[in-house]
Amino acid sequence: MMKIAVISDIHANLPALKAVLRDVRPQGAEEIYCVGEW
Numbered sequence: 001m002m003k004i005a006v007i008s009d010i011h012a013n014l015p016a017l018k019a020v021l022r023d024v025r026p027q028g029a030e031e032i033y034c035v036g037e038w
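Residue numbers (the working numbering): 1 to 38.
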């Protein structure tokens, strides 16, 4: 089964986005979808 990470409401918060991306990659997310408000 494919693992998908879904993120939203980034609001130009680059440090938080980087933290989320660091967290989802080791968990095996194959796709990352941004669903709005970036």
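Beta carbons are placed, not taken as given, at the ideal position from N, Cα and C, and that holds for glycine.
Legend entry - C-alpha distance - lysine 18 paired with arginine 25, whole-angstrom precision: So the two alpha carbons sit approximately 11 Å from each other.
Inset, instruction - Report the partner residues of isoleucine 7 according to the DSSP bridge assignment. - result: According to the DSSP secondary-structure assignment, isoleucine 7 is paired through a beta bridge with Cys34.
Inset, instruction - Within the same chain, show all residues whose beta-carbon is closer than 8 Å to that of glutamate 37, passing over the 5 residues directly before and after it, in chain order. - result: Cβ neighbours of glutamate 37 within its own chain (closer than 8 Å, five residues either side excluded): Ser8, Asp9, Ile10, His11.
Inset, instruction - Note the first and the last residue of the continuous alpha helix (DSSP H) segment covering arginine 25. - result: According to the DSSP assignment, arginine 25 belongs to no alpha helix (DSSP H), since it is labelled neither H nor E.
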